[in-house]
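Residue numbers (my numbering), protein chains in the order written: chain A, 5 to 488; chain B, 43 to 391.
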């Protein structure tokens, strides 16, 4: 940074290439020598009323006795400005970073120091209930886009000095602010260091969402269709995970918070389980596991049985299915594949199209493709029912939808080619893949494989709070975990 | 973070139990051998398992490493020979199970299926599993064990209705001229001791009682299987199309017929675990861990041997001969480790 205000402004202008939102408010301070100063802001990032009342008005009305620019900066910092957040800057790079983060940067002629004044005032979505994690009895608050608001949502729930937020900047161009959040007495230093190192090693130019970082946070050499990084938009869920020794990664500009390590059994847990009565929560858990199995296996097994082992169907069902299949032109494997594929297209279309058109898609899907195709004898009604049941089941554990979809297609193809035996081979393949996966050194299938009897009170069943609260199991204490 | 190289003793013990199952499942128990024979063969199985595992257990307890690691340390020049022998035994044992499985598959599940294709697909899954290492297999074994246990329970409970107490004669030994081969087939199960001798370096928290319990479970499973075949399936199974493989197509629960699907599932899962652990043991004997290239090499050897056994009867006879397999297992798991213990002791630090 130079001492001349003109030169500093020129270098900033050069960096921003005269961008339309780069604004400079020049002024003369009331010093005996009428010292020149400038307030640099990015339009839309600062609150104009805060700048006017807490920055410009005090600066222009205060009568300075000093003429030395360095002393002026000290005086401004200590006696003039009324904003709560003031950071001193030494480099142009810092000035760029703070101004693009919503700070107003004050430069005074004759000094190579600047002040970054907290006056952020950009518009953002308010705190609202996350659509992807709806609960019945829990909090209605969900994370939003600005990082600082997400921080406060967590801090409000854990009012302990044990809670630490650690800032990192990732993205050579985007300079996205990342916040690592953990409870220092609960987290394993090894897990923390691994997460920190992996984030620092991320060499992306632009980070526009937390999803960009997930692949950098996965363990190397454990490729799997399942993810070792958990995602949540709920502050209460994140706080619960933090108490078990996990690390949360908050990314500025996205409401999805990353959680590490992440285990398979967590996909079946929700914050509602802990609000409901244990017996009901247990029932829901078992229902979720059952739905997952149905969503993955039902179309594949149906294909295998119908194609190769019709004797496995109960007599009544066998007659009806055989009758129905006899009148359709396609082989059962192709039929199941086709319906599943069409269903995926409709689902994707339903997600992307504008809401008013959603009803039209539903009608076309249900009536035209579904009912008409059956009545026209193009597809078999039992096949349609099997695919529809599997589709509904897959929404019970919606976070596992991508994995369910891939597995379902694999099982249909293998079941159609090799029968039940093909499905068994695919199961072993998937099982080995899942069991070889680790998340920051913790086996992904932990609690089930390796089996942990202590963890069982929060896997298939949800034990009562008296038992759960007394013995919180830290994630790094799970069997076969590298980080102890 | 590197993947963990150690796993709990329970993992290996479960692998051993699951590995013992396909041999029990794939045996032809058509011959009604009598209750006393069942008892004798079960006790013999337990004793053989215990005796064969004694040297490697001693080495593991005293030095904390597997026999292969011990041999590597004590006689670096001879490890090539020992490793080669262990690899040969592992390949031989894997081949034995593979042939038994494909035969059962093409005979009873799908007689149109080409055994070459069946074995190729099976070996592909085994190759993938072995490339992921013993940790992944140990973890999978928890879930496979649970699933296989449920399958077998349903199989047996489904047949309880057919129990024939009239068959039960306590003093009967069975046909007097029962073959030695039939007996040795039962005790071919010790091929799983090979897995312990090759992989025990990696397990932590090992206790002698763990292994004894494992062997007891295997013996108990063997005993129960044979007893139920004798009591539940014996004469009934003889009247079925699947009489050669008594568990098949005999269950009848409600309107749903045919539980050979469960039989197929249990035997496929367990045979995959057995072949995978044998490939992993062979790779370990080559001084490598989790090497996909070496695993592929062993899979190719097993497949080539399988093709040979399909085309040359003499090869098949050698590979399927339980006496030969039992002898080489005895040499590999008992004689050689014992020689090391007696003549190549090392001081415990």
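A virtual CB, placed ideally from N, CA and C, is assigned to each residue, including glycine. All of these numbers come straight from a predicted model, not from anything done at the bench.
Item                                                                                                                                                                                                   : Value
Just list the beta strand (DSSP E) runs in the stretch 98 to 182 of chain A, keeping only unbroken ones of 3 residues or longer that don't cross its boundaries, in chain order.                       : 107 to 112, 118 to 122 and 167 to 174
Among residues of its own chain, excluding the 5 on either side of residue 51 (chain B), which ones have a beta-carbon nearer than 8 Å to its beta-carbon?                                             : 245, 246, 247, 248, 249 and 252
Mapping the DSSP letters down to three states, classify residue 198 (chain A) as helix, strand or coil.                                                                                                : helix
If you draw a straight line from the alpha carbon of residue 150 (chain A) to that of residue 258 (chain A), how long is it in whole angstroms?                                                        : 7 Å
Measuring alpha carbon to alpha carbon, tell me which residue in A:116, A:267, A:163 and A:81 is nearest residue 62 (chain A).                                                                         : A:81
Thinking just about the alpha-carbon of each residue, which of A:29, A:385, A:240 and A:215 is nearest to the one in residue 336 (chain A)?                                                            : A:385
Run through chain A and tell me which residues come within less than 9 Å of residue 375 (chain B), C-beta to C-beta.                                                                                   : Within chain A, no residue comes near residue 375 (chain B); the closest Cβ sits about 27 Å away, beyond 9 Å.
Run down chain A in chain order and give the residues with a C-beta less than 7 Å from the C-beta of residue 136 (chain B).                                                                            : Under the 7 Å cutoff, chain A gives no residues; its nearest Cβ is about 16 Å from residue 136 (chain B).
Using a Cβ cut-off of 8 Å (strictly closer), state whether residue 316 (chain B) contacts chain A.                                                                                                     : no
Whole angstroms are fine: how far does the CA of residue 387 (chain A) sit from the CA of residue 339 (chain A)?                                                                                       : 8 Å
Using 8 Å as the limit for Cβ to Cβ distance, is residue 307 (chain B) near chain E?                                                                                                                   : The chain inventory of the structure shown lacks chain E, comprising the protein chains A and B.
Just list the residues that DSSP pairs residue 44 (chain A) with in beta bridges.                                                                                                                      : A:28 and A:109
Among B:105, B:343, B:338 and B:174, which residue has its Cα nearest to the Cα of residue 226 (chain A)?                                                                                              : B:174
Which residues in the same chain have their Cβ closer than 7 Å to the Cβ of residue 327 (chain B), if we skip the five residues on either side of it in sequence?                                      : 110, 125, 128, 129 and 240
Name, going along the chain, the residues of the stretch 323 to 351 of chain B whose beta-carbon falls closer than 8 Å to a beta-carbon of chain A.                                                    : none
Is the distance from the Cβ of residue 282 (chain A) to the Cβ of residue 466 (chain A) below 8 Å?                                                                                                     : yes
Going by DSSP in three states, residue 362 (chain A) sits in which element: helix, strand or coil?                                                                                                     : helix
Restricting to Cα atoms, I'd like to know which of A:130, A:125 and A:309 is closest to residue 421 (chain A).                                                                                         : A:309
Ordered along the chain, which non-local residues of its own chain (more than five positions away) have a Cβ less than 8 Å from that of residue 117 (chain A)?                                         : 5, 74, 77, 92, 93 and 94
Excluding sequence positions up to five away, which residues of its chain have a Cβ less than 7 Å from the Cβ of residue 472 (chain A)?                                                                : 461 and 462
Does DSSP classify residue 375 (chain B) as helix, strand or coil?                                                                                                                                     : helix
Does residue 196 (chain B) get closer than 8 Å to chain A when you measure Cβ to Cβ?                                                                                                                   : no
Closer than 8 Å, CB to CB, is residue 151 (chain B) near chain A or not?                                                                                                                               : yes
Where does the unbroken beta strand (DSSP E) through residue 254 (chain A) begin, and where does it stop?                                                                                              : 251 to 255
On the three-state DSSP scale, how would you describe residue 132 (chain B)?                                                                                                                           : helix
Starting from residue 235 (chain A) and walking both ways along the beta strand (DSSP E), at which residues does that stretch end?                                                                     : 234 to 236
Rounded to whole angstroms, what's the CA-CA distance from residue 241 (chain A) to residue 275 (chain A)? Just pull it up for me.                                                                     : 6 Å
Which residues, taken in chain order from the stretch 95 to 108 of chain B, show a beta carbon closer than 7 Å to some beta carbon of chain A?                                                         : none
Of the residues A:85, A:365, A:342 and A:147, which one's Cα is nearest the Cα of residue 252 (chain A)?                                                                                               : A:147
What separation, rounded to the nearest whole angstrom, lies between the Cα atoms of residue 195 (chain A) and residue 31 (chain A)?                                                                   : 51 Å
By a C-beta neighbour count over all protein chains shown, 10 Å radius and 16 as the cutoff for buried, is residue 335 (chain B) buried or exposed?                                                    : exposed
Three or more beta-carbon pairs under 8 Å between the stretch 110 to 124 of chain A and the stretch 32 to 44 of chain A, yes or no?                                                                    : yes
Considering only residues of the stretch 410 to 455 of chain A, which uninterrupted alpha helix (DSSP H) runs meet the minimum length of 4 residues and lie entirely inside it, listed in chain order? : 424 to 440
Compare the C-beta of residue 167 (chain B) with all C-beta atoms of chain A and state if any pair is closer than 8 Å.                                                                                 : yes
Indicate whether at least one CB of chain A lies closer than 8 Å to the CB of residue 185 (chain B).                                                                                                   : yes
Roughly how far, in whole angstroms, is the beta-carbon of residue 131 (chain B) from the beta-carbon of residue 374 (chain B), given that I think they are within contact range, below 8 Å?           : 5 Å
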